[in-house]
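Residue 2 is where the sequence shown starts when you use the working numbering, and the numbers rise one by one after that.
Beneath this line is the structure, given in structure tokens, with notes to follow.
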Amino acid sequence: KMGEKVELTLLDGSHSYVSSHTGAYRASHSDLSPEADALSYFVLLFRPDMDFLKVKADLHGLGGWQARVQRVTELLKNATQFNAEQLAKAATAFYKKLVISESYKPTNKFNG
């Protein structure tokens, strides 16, 4: 109903959820390559049979973002029904959402 107050509970989409996980990860890893780490995790969402550390090393050794995304699409080409362009967009969106979620600081609380 219009004007009705409701209670909104965000289960796992909050900024603090992502920040706590990425912060803990950064604290325990000295060889940080955020792009390679995030894209490796993205690959394992579709290919849990792959070794995270091997994928990460493979991606880390590439020349930059475009090369890494290209490699991700190659690794996933037979694992999903999505084409390379769709996978590239999804991988990019995944990484950007992580970056935004990690740095987001709300200025107000929702008062419904």
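Ideal Cβ positions, reconstructed from N, Cα and C, are used throughout, including at glycine.
Rounded C-alpha distance that separates residue i from residue j
i: Phe83; j: Leu77; result: 9 angstroms
i: Lys57; j: Ala68; result: 13 angstroms
i: Gly62; j: Lys110; result: 42 angstroms
i: Ala89; j: Glu8; result: 37 angstroms
i: Trp66; j: Ser34; result: 11 angstroms
i: Asn79; j: Gly64; result: 24 angstroms
i: Ser41; j: Ser21; result: 19 angstroms
Assumed close pair residue i, residue j - CB separation to whole angstroms, cut-off 8 angstroms
i: Ala85; j: Thr93; result: The Cβ separation is near 12 angstroms, so there is no contact.
i: Ala39; j: Leu99; result: 5 angstroms
i: Phe43; j: Phe95; result: 5 angstroms
Proximal residues to residue i (C-beta, below 7 angstroms), its chain only, five neighbours per side dropped
i: Asp59; result: Arg72
Where residue i sits in the DSSP three-state scheme
i: Arg48; result: coil
i: Phe43; result: helix
Margin query: Between the stretch 99 to 111 and the stretch 51 to 71, can you find at least three pairs of beta-carbon atoms closer than 8 angstroms?
Written below: no
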